[in-house]
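Under the working numbering, the letters of the sequence shown match residues 152 to 558, in that order.
Here a beta-carbon is modelled for each residue, glycine too, at the ideal position from N, C-alpha and C.
Because the structure is a prediction, the values reported are computed rather than measured.
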Amino acid sequence: ATLLVRGCIRSLGVNAMAEEKPMEEKAPETFPVMELAQKRNLLLLENCANRDQLRAEILATVQEKSMLVFYEKFCCPGPCGPADEALKAKMKKSNEEELVKLEEKIADAKENLGDIEIRDSILAKADFYNRIGDKEPALKCYEEAFEKTVGVGAKMDNILTVIRVAFFFEDKDLMKKHIDRAKAELGKGGDWERRNKLKVYEGMYLMINRQWKESAKLFLNVMPTFTATELVEFKDFVFYTVLVAMASMDRPTLRNQLVSSPEVLSVIKETPGLQEFLESYFYCRYKEFNQKFVAVSEHVRADRYLTKHLKYFMRVMRLNAYRQFLASYRSVTLEAMATEFGVSAAFMDSELSSFISSGKLTCKIDKVGGVVESNEADSRSQVYVEIIKQGDLLLNRMQKLSGAIDI
Numbered sequence: 152a153t154l155l156v157r158g159c160i161r162s163l164g165v166n167a168m169a170e171e172k173p174m175e176e177k178a179p180e181t182f183p184v185m186e187l188a189q190k191r192n193l194l195l196l197e198n199c200a201n202r203d204q205l206r207a208e209i210l211a212t213v214q215e216k217s218m219l220v221f222y223e224k225f226c227c228p229g230p231c232g233p234a235d236e237a238l239k240a241k242m243k244k245s246n247e248e249e250l251v252k253l254e255e256k257i258a259d260a261k262e263n264l265g266d267i268e269i270r271d272s273i274l275a276k277a278d279f280y281n282r283i284g285d286k287e288p289a290l291k292c293y294e295e296a297f298e299k300t301v302g303v304g305a306k307m308d309n310i311l312t313v314i315r316v317a318f319f320f321e322d323k324d325l326m327k328k329h330i331d332r333a334k335a336e337l338g339k340g341g342d343w344e345r346r347n348k349l350k351v352y353e354g355m356y357l358m359i360n361r362q363w364k365e366s367a368k369l370f371l372n373v374m375p376t377f378t379a380t381e382l383v384e385f386k387d388f389v390f391y392t393v394l395v396a397m398a399s400m401d402r403p404t405l406r407n408q409l410v411s412s413p414e415v416l417s418v419i420k421e422t423p424g425l426q427e428f429l430e431s432y433f434y435c436r437y438k439e440f441n442q443k444f445v446a447v448s449e450h451v452r453a454d455r456y457l458t459k460h461l462k463y464f465m466r467v468m469r470l471n472a473y474r475q476f477l478a479s480y481r482s483v484t485l486e487a488m489a490t491e492f493g494v495s496a497a498f499m500d501s502e503l504s505s506f507i508s509s510g511k512l513t514c515k516i517d518k519v520g521g522v523v524e525s526n527e528a529d530s531r532s533q534v535y536v537e538i539i540k541q542g543d544l545l546l547n548r549m550q551k552l553s554g555a556i557d558i
């Protein structure tokens with residue numbers, strides 16, 4: 152009986168402990184605040200729906216972080232309206248007081264402490280400039296701290312922070328320089344997590360520069376182990392991955408790494424219309440594909456990294472859809488193809504003519520019969536033709552060689 156009572160008490164104790172949820176450790180705050188740049192981009196759009204809310208959110212973050220430099224250069228006057236002189240004076244005073252304390256800490260570290268403490272105090276100053284949006288002093292301090300850093304891991308953290316600064320201010324040259332620098336550091340060692348993070352950073356850089364196939368390969372590779380939330384939220388990362396992969400990768404890759412990916416399926420619904428856009432394209436539901444294209448295009452327009460590529464993205468995806476459709480036919484009427492895509496025959500004629508004249512589609516249109524004749528060669532035919540050419544070349548060389556030997 153005693154053992155039974157003890158067992159019950161122990162069981163109750165375990166259950167009580169299980170019910171008490173451990174407090175989750177809050178991730179350390181990183182700078183710059185990438186979300187702030189995206190909100191500012193939304194404010195700059197002509198058809199911004201929730202302009203007042205976005206303006207209030209930006210100003211709240213600016214005030215909380217005392218982002219005087221960012222406020223003066225990128226917010227007011229500008230997307231957030233006229234500058235608030237009282238707020239500027241308050242932030243200026245706060246920043247000056249904080250900077251004095253940081254300088255005192257650096258001086259004390261240089262006088263009384265070692266290299267690690269000096270480096271940490273310089274990093275604190277760099278983070279301060281980074282937080283308030285003052286790019287050049289931040290970069291200077293990060294470089295100074297880098298020179299005093301020994302381990303590969305700490306150096307990588309420094310470099311990745313500088314790359315984030317480059318993304319925040321859309322400085323492509325700075326991105327490229329420090330991505331190359333990070334690769335060189337990883338050649339000396341480095342852990343798995345930082346290697347994965349660098350793949351995300353490099354993939355984002357390639358996406359911005361419209362190297363979408365290379366970007367998609369990196370994104371798909373790192374998808375199951377994504378941890379770079381300081382640069383981009385996971386739902387946005389999935390959004391980018393889906394778009395660049397659809398634009399550049401083949402159907403087997405889409406099926407295996409997007410359509411049936413548990414990581415993708417876990418968050419894809421958070422972007423309205425994205426799952427339907429992907430699946431309608433993959434399962435050849437072209438009318439639905441065109442309908443969902445509108446919503447996805449609006450997301451692309453609103454994104455600060457992809458908005459410059461909107462027209463290119465729309466053209467590439469339409470071309471991919473037409474190629475995918477025509478691959479199943481030797482010939483098809485314009486009317487039938489237009490019906491399948493939910494557009495008029497005249498629009499389809501204009502679209503196909505544009506792609507044919509630019510050499511993007513290998514087909515021809517019979518205007519009299521209203522028929523599209525596809526000349527799309529499959530990969531096996533191309534390989535066969537190439538083998539025949541190489542074989543003929545080899546036979547010719549062998550004949551010349553045998554003639555020379557006979558002589």
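Beta-bridge analysis with DSSP links Thr484 to Val522. Around the C-beta of Asp278, 16 or more other C-beta atoms lie within 10 Å, and the residue is accordingly described as buried. Annotation: the region 369-441 contains the following complete segments of the alpha helix (DSSP H) (minimum length 4 residues), in chain order: 385-399, 402-405, 413-418 and 425-433. Per the coordinates, the alpha-carbon of Ile314 lies some 56 Å from the alpha-carbon of Asn547. In summary, Arg402 is exposed, with fewer than 16 beta-carbon neighbours lying within 10 Å of its beta-carbon over all protein chains present. In its chain, beyond the 5 residues on either side, Gln408 have a beta carbon closer than 6 Å to the beta carbon of Leu371. If you ignore the 5 residues before and after Lys190, its C-beta comes within less than 8 Å of the C-beta of Leu205, Glu208 and Ile209, all in its own chain and listed in chain order. By the beta-carbon neighbour count (other beta carbons within 10 angstroms, threshold 16), Cys435 is exposed. Met374 and Ser482 have their C-alpha atoms spaced approximately 40 Å apart. The region 378-398 makes contact with the region 413-429, as at least three CB pairs between them are under 8 Å.
With fewer than 16 other Cβ atoms inside 10 Å of its own Cβ, Arg452 counts as exposed.
By the neighbour-count criterion, in which a residue is buried when 16 or more other Cβ atoms sit within 10 angstroms of its Cβ, Ser431 is buried. Taking one beta carbon from each stretch, the region 467-479 and the region 436-448 have 3 or more pairs nearer than 8 Å; the two touch. A contact is defined here as three or more CB-CB pairs under 8 Å, and the region 328-340 fails this definition with respect to the region 359-367.
For Lys515, the uninterrupted beta strand (DSSP E) run begins and ends at Cys514 to Asp517, by DSSP. If you check the CB distance, Phe319 and Ala188 come in under 9 Å. Boundaries of the alpha helix (DSSP H) harbouring Phe297: Lys286 to Glu298, taken from the DSSP string. Ile283 is not a Cβ neighbour of Leu238, given a cutoff of 9 Å.
Within its own chain, the residues whose Cβ lies closer than 8 Å to the Cβ of Arg346, once the five positions on either side in sequence are excluded, are Leu337, listed in chain order. With a cutoff of 9 Å on beta-carbon distance, Val410 and Phe433 are scored as near each other. A direct Cα-Cα distance of roughly 12 Å separates Met355 from Glu384. Sequence-distant partners of Arg202 (beyond 5 residues in either direction) whose C-beta falls short of 8 Å from its own C-beta, in its chain, are Leu194. Using a Cβ-Cβ distance cut-off of 8 Å, the region 515-523 and the region 495-507 are in contact, since at least three pairs of beta carbons, one from each stretch, lie closer than that value. Under the three-state reduction of DSSP output, Gln362 falls in the coil class, being neither helix nor strand. Burial check for Tyr463: the Cβ neighbour count within 10 Å stays below 16, so the residue is exposed. Between Ser399 and Ala367, the C-beta spacing is below 9 Å.
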